[in-house]
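The listed protein sequences derive, respectively, from chains A and B.
Take the position in the first sequence, starting the count at 1, then add 14; the result is the number in this note's numbering.
Take the position in the second sequence, starting the count at 1, then add 14; the result is the number in this note's numbering.
Cβ atoms here follow ideal geometry from the backbone N, Cα and C, with glycine treated the same way.
As the structure is a computational prediction, the values presented were derived from the model and not from experiment.
Protein chains: 2
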Amino acid sequence: MPNYKNIAIVGVGLIGGSIGLALRQRRLAAEIVGVGRRQESLDRAIACGVIGSATTDLAAGVATADVVIVATPVASVVDDVFRVLAAAPVGALVTDVGSTKASICHSISEKQAISEKQAVPLQQAGSGQQLDTSGFVGSHPLAGDHRSGPEHARGDLLEGKVVIVTPTSSTPSQTVARAQAFWETLGAQVLQMPPEKHDQALATTSHLPHLVASALAALTPPEWLPLAAGGWADTTRVAAADPLLWAQIFAQNTPAVIGALDRLIEQLQTARSSLLAEDRPEIENFLRQAKRTRDALGN
Amino acid sequence: MPNYKNIAIVGVGLIGGSIGLALRQRRLAAEIVGVGRRQESLDRAIACGVIGSATTDLAAGVATADVVIVATPVASVVDDVFRVLAAAPVGALVTDVGSTKASICHSISEKQAISEKQAVPLQQAGSGQQLDTSGFVGSHPLAGDHRSGPEHARGDLLEGKVVIVTPTSSTPSQTVARAQAFWETLGAQVLQMPPEKHDQALATTSHLPHLVASALAALTPPEWLPLAAGGWADTTRVAAADPLLWAQIFAQNTPAVIGALDRLIEQLQTARSSLLAEDRPEIENFLRQAKRTRDALGN
């Protein structure tokens with residue numbers, strides 16, 4: 015007997031699709047409904063076998079869900095979560111998969127709609143202030159790919175991966191426990207931390223690598239690509255990801271990303287001075303320290 | 015019938031070992047002799063099946079070679095090539111696999127021994143000035159791994175990869191043609207360019223990625239590693255390579271590496287300004303340009 019009756023996935027791209035596929039392969043849900051804006055994307059997701067049925071009507075799609083996963087781009091998450099909370103059954107677990115968490119989680123727990131430039135109280139934005147947000151907690155699966163779309167979905171994408179769950183002070187512990195259980199049934203390992211701590215760390219462990227990979231790719235003259243070996247290919251790989259998604263991620267974590275970037279520039283300036291001074295012991299020290307940290311991660 | 019009678023490989027690590035293995039698997043040489051400084055490393059290389067026999071006596075190891083591959087760290091290449099040229103048969107093809115080329119190739123064609131800080135005419139360094147360097151041309155296979163040692167050798171390491179051959183103005187075209195034929199029998203595609211042009215391009219396509227990967231790894235607090243996803247892992251992968259080898263590479267291409275590093279820092283400063291100004295169109299443009307270049311490489 016499946017663990018869940020009905021799971022709705024709002025946004026059936028690579029991550030949403032991989033969650034659907036994992037649920038189907040493990041027979042964890044009796045019904046898996048995809049919700050999207052374009053029928054054509056939903057048709058592709060059904061054809062890929064990552065969801066069972068689909069609708070462009072969000073309210074209808076989540077009406078009988080016991081779990082709703084919002085897997086839309088970070089700039090859309092808050093709005094989508096509010097629409098889900100207004101339409102889903104009382105007691106449904108609602109979570110997202112966004113790469114930033116502070117702005118999303120605080121907007122939701124404080125019932126602030128997000129416009130591009132400023133937060134607006136939800137009642138002014140036209141939604142009810144009675145909205146019960148206690149069923150929501152933010153999540154961030156540390157899994158993905160520079161490719162997008164349900165065609166690249168993999169049922170094992172989350173297996174053995176970390177999912178960070180980010181309760182705020184107002185999140186009921188029961189909601190956190192249910193989110194944890196959900197991710198664990200998909201084979202993930204769950205870490206809990208406050209949204210701000212998540213954003214601070216991820217600025218260095220995810221957003222900065224993306225920025226650096228893009229800078230390296232952007233400054234390389236295309237005519238030198240035949241001279242690019244494995245090092246360039248690895249170091250720039252994530253620069254192939256969707257520019258619009260990443261511009262949104264940077265916009266939601268700007269101060270922390272700038273802080274991480276400043277530490278990197280400082281590190282590079284120090285290395286530059288050592289190179290210029292031909293200070294071999296210092297360069298070796300720097301490379302050794304880097305190797306120690308990289309080796310600690312494994313492959 | 016094998017293409018070559020006797021091939022000597024000086025330095026049987028990952029690259030030297032992979033060349034040996036490729037030659038053996040393709041039955042291209044009747045004899046493959048490994049030359050190294052430590053008997054223990056040579057024993058491991060024989061045990062791995064990457065060479066047929068081995069010696070710590072360089073002169074004896076290359077005495078009957080028709081081809082000698084010097085696959086030692088870049089700081090040792092010039093000295094090793096001179097020792098090979100003094101001991102190998104007249105007419106032997108000698109090449110190296112170093113990641114930098116200008117310093118190596120010009121020292122050899124001008125018969126300058128290299129000490130750490132300055133070039134010394136070879137006759138002062140104790141070797142003969144009559145040394146015939148016409149059998150030597152520099153090579154750089156764009157293939158490798160952040161791991162080292164003959165245990166990680168792969169017979170297909172060079173298949174489909176680019177090998178850059180870097181003649182100077184004094185390199186006989188026959189020597190270039192023989193080096194090209196050698197690499198092509200191992201399945202590689204050969205590009206020819208002057209050593210300076212190689213070093214200029216590789217500063218951006220190889221040395222800079224290494225420096226950046228190391229900076230990113232070095233500034234990441236180890237306690238955040240559980241929060242590192244695929245992007246961090248890819249972007250820092252080459253930081254696991256041997257610090258001593260890479261300190262030598264940087265030392266042999268310092269001005270070009272600093273030039274490339276300055277362009278990167280400028281690129282990062284520009285991105286920082288766009289982030290700070292919340293200039294979304296500019297950030298999207300930057301990420302799109304990066305993606306275009308990265309996509310042009312393929313996977």
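ask   = Looking at the unbroken beta strand (DSSP E) that takes in V107 of chain B, where does it start and where does it end?
value = Numbered from its first residue, the second sequence carries residue 107 of chain B at position 93. Per the sequence shown, the amino acid found at residue 107 of chain B is Leu instead of Val. Start and end: L107 to D110.
key: Within 9 angstroms of chain A by C-beta, residues of the segment 169–184 of chain B in sequence order   = K175, V176 and I178
query = Any Cβ of chain A within less than 7 angstroms of the Cβ of G31 of chain B?
reply = Counting from one through the second sequence, the residue named residue 31 of chain B turns up at place 17. With 7 angstroms as the cut-off, G31 of chain B does not count as an interface residue toward chain A.
task = Count the CB pairs spanning the segment 195–206 of chain A and the segment 167–182 of chain A that are closer than 8 angstroms, and state whether there are at least three.
result = yes
In DSSP terms, what L205 of chain A is bridged to = Sequence index remark: in the first sequence, residue 205 of chain A carries index 191 (1-based). Partner(s): A:I178.
inquiry  = Just checking: is the beta-carbon of R302 of chain B within a distance shorter than 7 angstroms of some beta-carbon in chain A?
reply    = Position 288 of the second sequence, counted from the start, is the residue given in the question as residue 302 of chain B. For R302 of chain B, the answer is yes, since a Cβ of chain A falls inside 7 angstroms of its Cβ.
query = If the cut is a Cβ gap below 7 angstroms, which residues of chain B does S220 of chain A touch?
reply = On the first sequence, residue 220 of chain A is found 206 positions in, with the first residue counted as 1. Correct list: A243, G245 and W246.
ask   = Exposed or buried, what is P209 of chain A when buried is set at 16 or more other beta-carbons lying within 10 Å of its beta-carbon?
value = The count along the first sequence starts at 1 and reaches residue 209 of chain A at position 195. P209 of chain A is buried by the Cβ-count criterion.
task = Would you list the one or two residues that DSSP bridges to F150 of chain B?
result = Within the second sequence, numbered from 1, the residue matching residue 150 of chain B stands at position 136. In DSSP, F150 of chain B forms a bridge with B:V108.
task = Could you have a look at V64 of chain B and say whether DSSP puts it in helix, strand or coil?
result = Counting from one through the second sequence, the residue named residue 64 of chain B turns up at place 50. Reduced to three states, the DSSP call for V64 of chain B is coil.
ask   = For T69 of chain B, which beta-bridge partners are listed by DSSP?
value = Here residue 69 of chain B corresponds to residue number 55 of the second sequence, with the count starting at 1. According to DSSP, T69 of chain B bridges with B:V49.
request  = At 8 angstroms on the CB atoms, spell out the chain B contacts of A254 of chain A, in chain order.
outcome  = Your numbering for residue 254 of chain A matches position 240 in the first sequence. Correct list: K305, R308 and D309.
ask   = Apart from the five residues on each side of it in sequence, which residues of its chain come closer than 7 angstroms, Cβ to Cβ, to D6 of chain A?
value = Residue numbering for chain A in the displayed model covers 15 to 313; residue 6 of chain A lies beyond these limits and cannot be assessed.
message = Taking only three categories from DSSP, how would you classify N299 of chain A?
response = On the first sequence, residue 299 of chain A is found 285 positions in, with the first residue counted as 1. The answer is helix: DSSP assigns N299 of chain A an H, G or I state.
Limits of the alpha helix (DSSP H) - the one that A231 of chain A falls within = The residue you call residue 231 of chain A lines up with position 217 of the first sequence. First-last of the alpha helix (DSSP H) with A231 of chain A: L222 to L233.
key: Buried versus exposed, by CB contacts within 10 Å (16 or more), D110 of chain A   = Counted from its first residue, the first sequence places residue 110 of chain A at position 96. Buried, because 16 or more other Cβ atoms sit within 10 Å of the Cβ of D110 of chain A.
ask   = Fully enclosed by the segment 252–282 of chain B, which beta strand (DSSP E) runs are 3 residues long or longer?
value = none
message = Mapping the DSSP letters down to three states, classify K211 of chain A as helix, strand or coil.
response = Mapped onto the first sequence, residue 211 of chain A falls at position 197. Looking at K211 of chain A - three-state DSSP - the assignment turns out to be helix.
task = Give a yes or no on whether the minimum CB-CB distance between T250 of chain B and chain A is below 7 angstroms.
result = For the purposes of this step, residue 250 of chain B is taken as the residue at position 236 of the second sequence. Chain A contact via Cβ: present.
ask   = In this structure, does DSSP put P164 of chain A in helix, strand or coil?
value = Taking the first residue of the first sequence as position 1, residue 164 of chain A is located at position 150. The answer is helix: DSSP assigns P164 of chain A an H, G or I state.
request  = Output yes or no for whether 7 angstroms exceeds the beta carbon distance between V92 of chain A and S121 of chain A.
outcome  = One-based indexing of the first sequence puts residue 92 of chain A at position 78. One-based indexing of the first sequence puts residue 121 of chain A at position 107. Closer than 7 angstroms, so yes.
request  = Flag A139 of chain A as yes if its beta-carbon sits less than 7 angstroms from any beta-carbon of chain B, otherwise no.
outcome  = Looking up residue 139 of chain A in the first sequence gives position 125. Here A139 of chain A scores only 49 on pLDDT, less than 50, and its place in the model is too uncertain to base an answer on.
ask   = Applying the criterion that 16 or more other CB atoms from any shown protein chain within 10 Å of the CB defines a buried residue, is Q281 of chain A buried or exposed?
value = Reading the first sequence from its first residue, position 267 is the one you call residue 281 of chain A. Buried, because 16 or more other Cβ atoms sit within 10 Å of the Cβ of Q281 of chain A.
message = According to DSSP, is Q144 of chain B part of a helix, a strand, or is it coil?
response = The residue you call residue 144 of chain B lines up with position 130 of the second sequence. Here Q144 of chain B sits in coil by DSSP.
query = For V190 of chain A, which residues of its own chain have a beta-carbon under 8 angstroms away from its beta-carbon, when the five flanking residues on both sides are left out?
reply = In the first sequence, the residue the question calls residue 190 of chain A occupies position 176. Hits under 8 angstroms: V151, V179, P181 and Q206.
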